Amino acid sequence: MDKFFSQKYCDRCGKELTGGRTMSMFNEDCICLECKAKEQENPAYQAAQKAEMEAVKRGERNFKGIGYKP
Ligand SMILES: [Zn+2]
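The working numbering puts the first residue of the sequence shown at 4, with every later residue one more than the last.
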């Protein structure tokens, strides 16, 4: 997480993060907005989102996500 704001390239596709960055819903990757859009089309996205919400409810602040499967 510390490198989130300093890293220059997308963890997933390697593209420069000049167009914006966001945290993956599936794991702790820092990804570009294109990869985020792809995640949102992933059939497991809602499950990932739900798992994240439940972790937050449990007070789990460093939830690792359910893992990314392209
Ligand atoms: Zn990317």
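Quick reminder that beta carbons are idealized off the backbone N, C-alpha and C, glycines included. Fair warning: this is a prediction, and the values are worked out from it, not measured in the lab.
Nearest candidate by alpha-carbon position, reference Ala51, set Asp32, Lys60, Gly68: To locate residue 51, count along the sequence shown from 1; it is residue 48. Of the listed residues, the one whose Cα sits closest to Ala51 is Gly68.
Check whether the Cβ of Cys13 sits closer than 6 angstroms to any heavy atom of ligand 1, and report yes or no. By 1-based counting over the sequence shown, the position of residue 13 is 10. Yes - ligand 1 has a heavy atom lying nearer than 6 angstroms to the Cβ of Cys13.
Identify every residue that forms a DSSP beta bridge with Arg24. The residue given as residue 24 occupies position 21 in the sequence shown. The partner list for Arg24 (beta bridge, DSSP) reads Cys35.
Inter-residue CB distance, Cys35 and Met26 (contact presumed, cutoff 8 angstroms): By 1-based counting over the sequence shown, the position of residue 35 is 32. By 1-based counting over the sequence shown, the position of residue 26 is 23. Not confirmed; about 12 angstroms, so no contact.
Go ahead and label Cys16 buried or exposed: buried means 16 or more other beta carbons lie within 10 angstroms of its beta carbon, across all protein chains shown. Counted from its first residue, the sequence shown places residue 16 at position 13. With fewer than 16 other Cβ atoms within 10 Å, it is exposed.
In angstroms, rounded to a whole number, what distance separates the CA positions of Ala40 and Ala47? If you number the sequence shown from 1, residue 40 lands on position 37. If you number the sequence shown from 1, residue 47 lands on position 44. Going by the C-alpha atoms only, they are around 13 angstroms apart.
Check: Ile69 C-beta below 6 angstroms from any heavy atom of ligand 1: Position 66 of the sequence shown, counted from the start, is the residue given in the question as residue 69. No, the Cβ of Ile69 stays beyond 6 angstroms of every heavy atom of ligand 1.
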